[in-house]
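Taken in sequence, the protein lines are chains V and W.
In terms of this note's numbering, the first sequence opens at residue 84 and continues consecutively.
In terms of this note's numbering, the second sequence opens at residue 79 and continues consecutively.
Below is one structure, written out as structure tokens; comments come after it.
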Amino acid sequence: MIVAAEQERALAASVHESVGTGAELVVEAKGLVREYGAVIAVDGIDLTLVRGDFLTVFGPNGAGKSSLLKMLGGMMRATSGTVSIGGVPLDFSDGEWRRRVGMLSHQGFLYQQLTAEENLRFYGKLFGLDDLDRRVRARLERVGLADRAHFAVRKLSHGMRQRLALARALLHDPELVLLDEPYTGLDPAAASVLRGVLQELRADRRTVVMVTHNLAEGLALATRVAIQVRGRFAWQGVRADIDELRFERLYHQVVDDGAGVRA
Amino acid sequence: MSLYLRQVGVVVWKDLLLELRTRERIAAMAAFAVLSGVLFSFATDRSVVRAQDIAAGLIWMTIVFDGLLGIGRTFHIEAEDAAMQGVLMSPAPKDAIFLGKAISNFALLYAVALLVLGVFMLFFGLEIGSSPGAVLLALGLGSLGFVALGTLFAAVSSGTRMGETVLPILVFPLLVPMVIYGAGATGRLLAGRPVAEVAGNLKMLAAFALVALAAGAGLFRFVVED
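In structure tokens:
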């Protein structure tokens, strides 16, 4: 029996070792807990990510994955525990650390009556970005929406909105990218665009945390993998150490066994 | 222009553009203003009370109810697709976001306040008096104080299940000073009294607006944060 907490400590220790050798620490979460009344959505998660880490978090519905992402992105306060981005503790001020985080959530954070371009320009100005015209054009082209730049968001399909939301999340070139079920509802063409963007993020050594149910997509680019059950990382490891078939078996085993322990 | 002002400006631009596209609030507010003027003119017996004695109070009450109708929905456009979450995740200071929304709400409410004034002048046969600038100033200061409180409490009520039902209960008690000084100033000015006579009222309206704006800007972050 391997206790998950021991795994977390071992993995964190190896990461700290690499930080010591020059890897840039991007995210450090300690003892993250989030409670909704009597329900504990996130139950004491420790997490350390360095530049270039691509962590995919799998888990059943209600495991607390979205809550974890929201806390890492400064969208939700932790009941207890701390999160630091690039060594700066999240204090919910309007701090510069917000420039370092980009988030793609279940919702797009888009104004339905504004056009695709207007939405990006609005967020670009909120972030105080330079060279906004070029940046907006480039992002729209990258997600394949250049020809829909002047379409109101409400007239776009779900897949297009999702791609636009991705462009919004990446508009300010964040070093930490948080993705919550990004493949949900995407047609193959839109999924291919998303896959391409994620490959670029990986090649550019951005730090990514992705929550998904899609095992194939989730494992494709991951450098680290975690399975979250009942608010805890019931299992986590290095992607290169496990193949897809074995991981699938492991996933079902871990989820069936419950949080904290696996055989 | 500083980044702060650009952030305020882009929130104003976005809100006004959305209103221009949907006309959701302005149409309802304008219709309410006209209907109120018509109904109040039928409901008052001008052989018993003079129009200028009651018009100012009715004008301000119409502005208050009309304002709640429009300002109460200021966060509805933000709730769609959780757009407000995206705004809050930006590095824009929360007070800049508040000021942007308050300014766009002010533009909307002031336009409606002028319409209310015009409608009541028409249906009550009022003249604007010898100091039209002071009348407009009184309405402007009152509208500014109103939107400062209204925007803050609309953010509070948007997070509750009762939503728009809660908003008047929260805001009305706080608007009492604004209505007293606003109606007092407007009534006297419409009756042709000199500006000097209402200078105290105008100062109180300005103080009310400044305090409400400062309080709103300072407290907004606590309302919108998780």
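Backbone N, C-alpha and C fix where the C-beta goes; we use that ideal spot for every residue, glycine too.
Quick caveat: nothing in here was measured; it's all calculated off a predicted structure.
Where the beta strand (DSSP E) through residue i begins and ends
i: Val-116/V; result: 108-119
i: Gln-196/V; result: Counting along the chain, Gln-196/V falls outside any beta strand (DSSP E), and DSSP gives it neither H nor E.
i: Thr-290/V; result: 290-294
i: Met-240/W; result: Counting along the chain, Met-240/W falls outside any beta strand (DSSP E), and DSSP gives it neither H nor E.
i: Val-273/W; result: Careful: Val-273/W lies outside any beta strand (DSSP E) and carries neither H nor E.
i: Leu-212/V; result: Unbroken run through Leu-212/V: none, as it is neither H nor E.
i: Leu-228/V; result: Per DSSP, Leu-228/V belongs to no beta strand (DSSP E) and is neither H nor E.
i: Gly-185/V; result: 184-187
Limits of the unbroken alpha helix (DSSP H) element including residue i
i: Trp-91/W; result: 81-100
i: Arg-329/V; result: 327-340
i: Arg-220/V; result: 215-225
i: Ala-317/V; result: Premise fails: Ala-317/V lies in the beta strand (DSSP E), 315-321, not in any alpha helix (DSSP H).
i: Met-256/W; result: 244-268
i: Gly-296/W; result: 277-302
Residue i and residue j closer than 7 Å at C-beta
i: Phe-118/W; j: Leu-147/W; result: no
i: Tyr-334/V; j: Asn-297/V; result: no
i: Gly-185/V; j: Leu-253/V; result: yes
i: Leu-193/V; j: Val-140/V; result: no
i: Ala-287/W; j: Leu-219/W; result: yes
i: Arg-285/V; j: Phe-137/V; result: yes
i: Leu-209/V; j: Ala-170/W; result: yes
i: Arg-309/W; j: Arg-151/W; result: The structure shown has nothing for residue 309/W, since chain W only spans 79 to 304.
i: Arg-357/V; j: Leu-259/V; result: The requested residue 357/V is not part of the displayed model; chain V covers only 84 to 346.
i: Ala-317/V; j: Val-337/V; result: yes
i: Thr-290/V; j: Leu-132/V; result: yes
i: Ala-305/V; j: Arg-288/V; result: no
i: Ser-167/V; j: Glu-111/V; result: yes
i: Ala-248/V; j: Gly-191/V; result: yes
i: Val-276/V; j: Arg-246/V; result: yes
i: Val-273/W; j: Ala-212/W; result: yes
i: Val-276/W; j: Arg-266/W; result: yes
i: Gly-278/W; j: Phe-224/W; result: no
i: His-241/V; j: Gly-211/V; result: no
i: Arg-278/V; j: Ala-250/V; result: no
i: Ile-137/W; j: Val-194/W; result: yes
i: Tyr-82/W; j: Ala-157/W; result: no
i: Ala-261/W; j: Gly-135/W; result: yes
Inter-residue CB distance, residue i and residue j (contact presumed, cutoff 8 Å)
i: Met-167/W; j: Met-158/V; result: 6 Å
i: Gly-108/V; j: Leu-261/V; result: A small correction: the amino acid at residue 108/V is Leu; Gly does not occupy that position in the sequence shown. The Cβ separation is near 17 Å, so there is no contact.
i: Ala-263/W; j: Leu-280/W; result: 6 Å
i: Ala-269/W; j: Gln-130/W; result: 5 Å
i: Ser-221/W; j: Phe-184/W; result: 6 Å
i: Asp-230/V; j: Ser-149/V; result: Wrong, their Cβ atoms sit about 32 Å apart, outside the cutoff.
i: Phe-198/W; j: Leu-192/W; result: Phe-198/W to Leu-192/W, Cβ: 11 Å. No contact.
i: Val-301/W; j: Val-234/W; result: 5 Å
i: Arg-299/W; j: Lys-172/W; result: 4 Å
i: Tyr-259/W; j: Met-240/W; result: In fact, because the Cβ distance is near 30 Å, the residues do not count as touching under 8 Å.
i: Phe-201/W; j: Val-116/W; result: 6 Å
i: Leu-215/V; j: Phe-205/V; result: Between Phe-205/V and Leu-215/V the Cβ distance is about 10 Å, and since that is not below 8 Å, they are no contact.
i: Met-154/V; j: Leu-115/V; result: 6 Å
i: Ile-36/W; j: Val-90/W; result: This structure gives no information on residue 36/W, because the portion of chain W shown stretches from 79 to 304.
i: Asp-159/W; j: Gln-195/V; result: 6 Å
Give, in chain order, every unbroken run of the alpha helix (DSSP H) that is at least 4 residues long and sits entirely within the segment 123-177 of chain V.
148-155
Using a Cβ distance threshold of 8 Å, determine whether the segment 158-169 of chain V contacts the segment 310-327 of chain V, with at least three qualifying pairs required.
no
For the segment 226-239 of chain W against the segment 279-298 of chain W, do three or more pairs of beta-carbon atoms, one drawn from each stretch, fall closer than 8 Å, so that the two count as touching?
yes
Which runs of the alpha helix (DSSP H) at least 4 residues long sit entirely within the segment 114-153 of chain W? Give them in chain order.
129-149
Run through the segment 232-308 of chain V for me and flag every whole alpha helix (DSSP H) of 4 or more residues, listed as ranges in chain order.
241-253, 271-286 and 298-303
Within the segment 159-183 of chain W, note down every full beta strand (DSSP E) run reaching 3 residues or more, in order along the chain.
none
Unbroken stretches of the beta strand (DSSP E), 3 residues or longer, contained in the segment 178-217 of chain W
none
Do the segment 222-236 of chain V and the segment 188-204 of chain V touch if we need at least three Cβ pairs shorter than 8 Å?
yes
So, does the segment 210-229 of chain V touch the segment 181-191 of chain W, judging by three or more C-beta pairs under 8 Å?
no
Given 8 Å as the limit, is there contact between the segment 134-141 of chain W and the segment 89-97 of chain W, that is, 3 or more CB pairs closer than that?
no
Quick check: the segment 309-323 of chain V against the segment 121-130 of chain V, are at least 3 beta-carbon pairs closer than 8 Å?
yes
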